[in-house]
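Protein chains in written order, with our numbering: chain A, 1 to 333; chain B, 1001 to 1629.
Beta carbons: idealized from backbone N, C-alpha and C, even for Gly.
From a predicted model like this one, the values you see are computed outputs, not experimental measurements.
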Amino acid sequence: MKNNILIIGGGPAGLEASSILVKMGYNVILVEKEKELGGHLAKWDTLFPDGLKAEDLLKSLIKKTEGVKCFTDTQVQSVNILDKSYNVILSNGITVLADALLLATGFDLFKAEKKEEYGYGIYEGVITNADLEQFFKGKFSIKKPKAVGFVHCVGSRDEKACNPACSKVCCATAVKQACHIKETFEEADVFCFYMDLRMFGRHYEDLYLKAQKMGIRFIRGRVSEVAETSEGRLLVKAEDTLSSKPIKVTLDTLVLMAGMRPSESGYMVGHQLNLSVEEDGFFSTKDTMLSLQKSNLEGLFFAGAATGPKTLPDTLHEARSAAMEIDNYLTKK
Amino acid sequence: MTALLQTLYTYSQITPEGIIDRYPNSYNHFVLPFVIGISFIMVYLLIGLIRILYHLTAEDRKRLFISLFTPKTALKNIKDIFCDCLLHTKIWKRKPLLGYMHSAIAFGWFMLIVLGHIEVALFAPRHLDSVADGALYYPIFYRFFIWMSPEHETLRGSLFFFLMDFFLLYVLSGIALAMYKRVRSIALGMRHTTKPSLADRVALYCLWAIFPLRLLAEGFTADLSGGSFLTKPLNMLFRNFFGNELNFLPTWWLYSICLGLFFLAMPFSRYMHILTEPLLIVMRNAGLKVRKPRKGFAEAEIYACSSCGLCLDACPMNTQKKNLKYSSVYFIRFLRRHNEKKINEIADKCLMCGKCYALCPVGVNSPDIRRAQRETLNHKLSFDFTPMDNFRLKENSEESAEIMYFAGCMSHLTPKIIKSVTSVLESAGKKFIFADREGGICCGRPMLLAGRTEAAKELISKNKKMIMESGCKILLLSCPICYKVFKDDYDLKGIRVLHYTQYLNELIEKGELKVSKGSSSMVYHDPCELGRGCGVYEEPRNVLRSIGELKKAEKERDESICCGGSLGSLTLDNKDRGKIAESSINNLTAENPQSIVTACPLCYRSFREKSPIPVKDFAEVVCENIKSN
């Protein structure tokens, strides 16, 4: 008899894990709350460090999932822990008896309007990283800017936003987006306001170098507040900590690099299962080294950003190891 | 007047018939403990008074002296002393049972002393003449020293007997409540009470014992010296038990010892406030302010603290029990003991919301003492405001407007407030100068709160120059923190300083701004600096009532709970602030309003983090409900 595996979340992690598990011969059911598969990846235009088209990556991920039962526009209504399995009722009325559960619930972007001093939702020129990707995809419009600024760490590394942790991907995304903007509007001045640039991955540093060569200006210091000038442009106040001086820059577009927060729908599922979360709000794993895919519950596994901010390659790795852990678990059983 | 006094005096010199001193020289050894105690406390008070006066600045001393002879303040002094020290009207208003307890002990005891002296003045006046005749103790132990022939009982005498017994009963009822409060304070409306120190305990138990002992002592002698409805029956009861030979000296000894011990412990205990509160009232009415945290006026405040602990329940930090130690009562206790380390920690932790001051029955301005304490450390920190010299008012070149809008740093962190204020002004057709549209200088209040008075003065002078040069008539503020400092510390002659709640209320009342009434319900949160700080409670409520249904918070106006975001605290961390915000929100949502409205950018920010229902700014709500013509 084929074991049932339920995967919650149809983003990169869920897709990759489901395709591997289905090849192993399991009966895989994938639940996605949105109408389309792909999670945040579906909303992105290009990916750092080499500008790979998100659409292409997503297509190839979906292509591999042949044989997986996908329920989109579907949410988990309730989960019950049975003796050696999980009884899951979905919002489309289907009940699944799953031998293993994989939480690939990912992340939500930090709600940028919470940092009201940056004026998201108040000033027209203030947008988020997600909005900018939509613009690159041609689904969002901005006026042709003379000057553009990027604010790193919005809702990350910020005690006041209740998140002292780093979101890991925003630095590289910002540099990538800054280059993209400079390519789109060659005349525009582009500024990046950063705390420190965390360009840790392979080729990331090259991206940074490229940006500098393109004339993007990096200012080390946080933006304190954004005001509107009498002409309706954005007056950005920040501190340049390298020259130890307060600075003011007038911009037309300000992009807020919203960080990663635990996904709300993931939290709802975890709450029903009494899963513990760490101080950052993401699920806690069984340990911090050897069993990163395991939870404290038998037969419940994690992959991707459900356990903290991750880059896409990390997420895909996790999906693969989660598939292996699940296979191990079910074979032993 | 003098003639009347003369007659009274000569009249009182005549000893009525039938009253005989039982002891020829009116002395017995048992009075010694009391005499020692009362002498000690009098000397202590005298030295303390000299110390306090010595530490006042010459200007303050002069001001105090003049106020004593200004009829208006002198009358106010008398009224305040009577209401606050004896009747405790402030406690009555908030917690009647607690008020009764305090006034029973204070007013009752006061009346016993006064009536006792009048009695002596009427019936044995020579004993009031000099210390040698026992003036110090005789009126207190009057009943011990006299023998009254039962045939000569007069109506006047009986009236005094009755009054004395009546007030003794009044005090005893207060003492009984006090004992009950020790066991179950919540019954009298107090969730937390202070931990008493050793001296507090000694004084407390003596205080509890004094009046029952007095009852016993006077009961023992009631057949000799007379008595009324309490002491007479008690005397008969004793006779039934002990026969006719009553050995009453031990109770009188005990009574005297308790009084003496009470006075000896008094300066080191909370009960010092009984004697020092009048001094504080007089100094406060003279308009004195705290200049140093431990000397002069502050010392009068410190010794006037009754350590009652009402500030424990008032303090917003005390939603968590671990923060009880930062309450004003302990701050003042440590100040009194010169415990520098703890004083500084507590001084820095406080949110300066002023609720403890608002609810303090004695009126000890502990936020101000904390500010003075911060000053002792922080005034040394250096500052450099040279970049400010380049600051110019950009919009000055445009046509001059009557109104200057100063948003302040905090409103700039909440641009929605600025947008709402400017658009409301525009819909009312008002021209205004936006003083800090593209950045400005801080109002100085945060520096003042942190005890950096010199730095604040610099900011204040720069801003003042800018405002005076602009030629505006109204200075409009959207931040209560700015509003308080512009109102209190700027001295802007000829310019009306208004918070936007006041100004919009005016516009609506004058009909210059029309709002439509909706059906949504809201609750208004009184920001600390606006409510307790500046006394603005009515104007915002007025406006909100004309916009929607205004619901009540569980505690509001001067009892409103700080949002936790106050700039006043220098060391409180985000977690603790979050807890305070939650408790404040719980207080606000008692009647299930649809939204919370506040009039301070800081409250707005703190609430938005935690609130389950929408949090709106006052101007935002007005802006949403403007009736377009």
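Chain A contact for residue i (CB, 8 Å cutoff)
i	result
B/A1058	no
B/N1587	no
B/C1623	no
B/V1615	no
B/R1061	no
B/N1390	no
B/S1420	no
B/H1412	yes
B/K1416	yes
B/E1582	no
B/E1340	no
B/G1439	yes
B/N1574	yes
B/F1618	no
Cutoff 8 Å: residue i Cβ touching any chain B Cβ
i	result
A/E231	no
A/L235	yes
A/E117	yes
A/T66	The sequence as given places Glu at residue 66 of chain A; Thr does not occur at that position. Not closer than 8 Å to any Cβ of chain B, the Cβ of A/E66 fails to qualify, so no.
A/P225	In the sequence on display, residue 225 of chain A carries Glu and not Pro. Output row for A/E225: interface = yes.
A/I20	no
A/I122	yes
A/K146	no
A/K111	no
A/K2	no
A/K248	yes
Assigned exposure category for residue i - 16 Cβ within 10 Å defines buried
i	result
A/N4	buried
B/L1159	exposed
A/D99	buried
A/Q212	exposed
B/N1285	buried
B/I1460	buried
B/F1383	exposed
B/V1615	buried
A/K114	buried
B/L1475	buried
B/P1267	buried
B/R1156	exposed
A/E231	exposed
B/R1143	buried
A/Q177	buried
Per DSSP, the bridge partner or partners of residue i
i	result
B/D1617	B/T1598
A/A98	A/Y86
B/L1246	According to DSSP, which records beta bridges pairwise, B/L1246 is partnered with nothing at all.
A/A112	In DSSP, A/A112 forms no bridge with anything.
A/G149	A/F191 and A/L254
A/I5	A/V28 and A/A100
A/T128	A/L256
A/I247	A/A238
A/C70	A/L30
A/K53	A/T46
Any non-hydrogen atom of the ligand NAP within 7 Å of residue i CB
i	result
A/F150	Among the components of this structure there are no ligands whatsoever, and the ligand NAP is therefore not found.
Exercise for the section: May I ask you to list, following chain order, the residues of the segment 148–171 of chain A that have a beta carbon less than 8 Å from some beta carbon of chain B? Expected result: Going along the segment 148–171 of chain A in chain order, one finds E159, K160 and C162 with a Cβ nearer than 8 Å to chain B.
Practice task
Report yes or no: do the segment 1088–1108 of chain B and the segment 1283–1300 of chain B share at least 3 C-beta pairs separated by less than 8 Å?
Solution key: no
Handout entry: the segment 1172–1191 of chain B contacting the segment 1202–1212 of chain B, beta-carbon criterion three pairs below 8 Å
Key = Yes: the two stretches touch, three or more of their Cβ pairs being nearer than 8 Å.
Exercise for the section: Count the CB pairs spanning the segment 1076–1089 of chain B and the segment 1123–1134 of chain B that are closer than 8 Å, and state whether there are at least three. Expected result: no
Exercise for the section: Check whether the segment 1433–1453 of chain B touches the segment 1408–1420 of chain B, counting contact only when three or more Cβ pairs, one atom from each stretch, lie closer than 8 Å. Expected result: yes
Practice task
Would you check if there are 3 or more beta carbon pairs closer than 8 Å linking the segment 16–35 of chain A to the segment 122–132 of chain A?
Solution key: no
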